[in-house]
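What follows is a single structure, written as structure tokens, with notes after it.
2 protein chains.
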Amino acid sequence: MARPNAGTKGVPRLDRESQILDVASEHFGTQGFAATSVAAVAAGAGISKPLVYSYFGSKEGLYEACLDRGGALLADEMERIAQGEAVGIERGMHTLAGLFVLLEDQRYLWRLFFDTTAPTTGPIRDSITHYADRIGRLADEGVTELMTLAGNSDPLDVSAMTSVWLGIVDSLMNWWVEHPDQTADQMMQRCLRLLAALFGDPSA
Amino acid sequence: MARPNAGTKGVPRLDRESQILDVASEHFGTQGFAATSVAAVAAGAGISKPLVYSYFGSKEGLYEACLDRGGALLADEMERIAQGEAVGIERGMHTLAGLFVLLEDQRYLWRLFFDTTAPTTGPIRDSITHYADRIGRLADEGVTELMTLAGNSDPLDVSAMTSVWLGIVDSLMNWWVEHPDQTADQMMQRCLRLLAALFGDPSA
DNA sequence: GTGATATGACTCTGGGGTAAGTTACCACCG
DNA sequence: CGGTGGTAACTTACCCCAGAGTCATATCAC
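Just so you know, the protein sequences line up as chains F and W, in that order. In this text, residue positions in the first sequence follow this note's numbering: the first is 1, and each later residue adds one. In this text, residue positions in the second sequence follow this note's numbering: the first is 1, and each later residue adds one.
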């Protein structure tokens, strides 16, 4: 029977995969795993569902591919930043600056790794754990430095502080999503002002 | 045909409703709306699915009932705390102390109002908005005070700082969920230590 | 022609929602 | 104080559909 839209459109697999991952990451990042449907992703990419399955195997495979691409991007950049000389609060600010620039066009990416509706078993669990650990280790490192300088090295305190730090990043990313007109630079300036307000920085 | 488990078990409606809401709030709060199934809630409460529907009408009705009960509890307590004299960081600490005591046995409750998989239309949207606004207004009030004292009253700055503050509360609640052995009092002491580490409090 | 790109039209399962029936409690009547 | 009808509390067994996943086929580049 006639299938008027079939046949290649001349888009190579790797390009198409990348395009699908763009759409899928946004859906997963904003709606969450459970609330995202593969059909919606396919429609968003302007293709049909079977092509998505042909390239990624399953919904979980698609999510995993998003995690791998996004996680590598995030973790690599954060590890690069962590090699700087800054410590304590300053290191945190450098990290934020890097994240703002990196994620300006995909602000939802951060949330992929904090989705409570994601499956907690199998390769997805592993992938989330892997990248969350890489990111978390850097956060932990920075927080440990800061806490040690302040004379506190209680492991639970460090753990809680790390969680708070990641929560701060999370809430800034969410706020940014809701304020699309804000540039990365404006975000950074804002963070510096907030910091100044908190610490009564005389330069404010 | 035989229905060996049918018939009343002598539990009055209001008691049963409350029990269902306990289970449902925990599921919704930990798994999120989309990833929670009514059957699982019913099983958790030791009853069958139709009873849940008989009492709450729909999955959304059930969620709304959770929101109403939890939201009233949260907002009332936070409004009570806000009547105190404390300002700035101190007010924040008082709020945390109150929340820790209030939520010691239902730490997931906070997350009901920050679930991205919840429907964004209809009465649920209204209910979330209502309580999030009540809570958010208090947070905004406290943050505005703090920022004004520091000489910054830019509305976007205040908005972002409020978001960060709510994010801090959120991350502390999440950390608490993952550390069930920690008491409310221990949490409060920990927060004071973290604050001291940040601000170099000489009393530390 | 061959293989990569692509799709229409299916199947099937999980979970929201329902119809109809069962049992226990209780108020009221005799 | 026993019967008895009404209602509240409950269940089994089902319907139904959205969405995950598949199959057979069609088109195009080379």
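Yeah, the Cβ is synthetic: ideal placement off N, Cα and C, and Gly gets one too.
Here F:H94 has I81, G84 and A86 as same chain residues with Cβ atoms under 8 Å from its own Cβ, once five neighbours each way along the sequence are excluded.
Between the C-alpha atoms of W:L96 and F:G71 there is a straight-line separation of about 33 Å. With contacts defined by Cβ atoms closer than 8 Å, F:G167 and F:R91 do not form a contacting pair. For W:V164, the C-beta contacts it makes with chain F under 8 Å involve I168, S171, L172, W175 and L194, in order along the chain.
The beta carbon of W:Q83 does not come within 8 Å of any beta carbon belonging to chain F, so the residue lies off that interface. Per DSSP, the continuous alpha helix (DSSP H) segment holding W:V177 begins and ends at P155 to E178.
Residues of the same chain with a CB within less than 7 Å of the CB of F:W176, apart from the 5 flanking positions on each side, are R107, Q182 and M187 in chain order.
Taking the CA atoms as reference points, F:R193 sits about 43 Å from F:A39. Within the segment 127–156 of chain W, no run of beta strand (DSSP E) at least 3 residues long lies entirely inside it. At the C-beta level, F:N174 and W:S25 stay beyond 8 Å of one another. When C-alpha distances from F:Q189 are compared across F:P50, F:F100, F:C66 and F:S171, the shortest belongs to F:F100.
Excluding five sequence positions before and after W:E104, the CB atoms of its chain that fall closer than 6 Å to its own CB belong to A184, given in chain order. The beta carbon of W:Q106 sits no closer than 8 Å to any beta carbon of chain F. Taking the beta carbon of F:T117 as reference, the chain W residues within 8 Å of it are Q31, G32, A34, A35 and T117, listed in sequence order.
Chain-ordered, the chain W residues with CB closer than 7 Å to the CB of F:M161 read L194.
Residue range A184 to F199 is occupied by the alpha helix (DSSP H) that includes W:F199. When the five nearest sequence neighbours on each side are left out, the beta carbons in the same chain lying within less than 8 Å of the beta carbon of W:G98 are those of E77, M78, R80 and I81, in order along the chain.
Beyond the five residues adjoining it in sequence on each side, W:G88 comes within less than 7 Å, by CB distance, of E145, L146 and L149 in the same chain, given in chain order.
Comparing alpha carbon positions, the residue from W:G10, W:A196, W:C191 and W:T129 closest to W:E64 is W:T129. Chain-ordered, the chain F residues with CB closer than 8 Å to the CB of W:D157 read R190, R193, L194 and A197. Excluding its 5 nearest sequence neighbours in each direction, F:V169 has no C-beta neighbour in its own chain below 6 Å.
Taking a beta-carbon distance threshold of 8 Å, W:G200 counts as an interface residue toward chain F.
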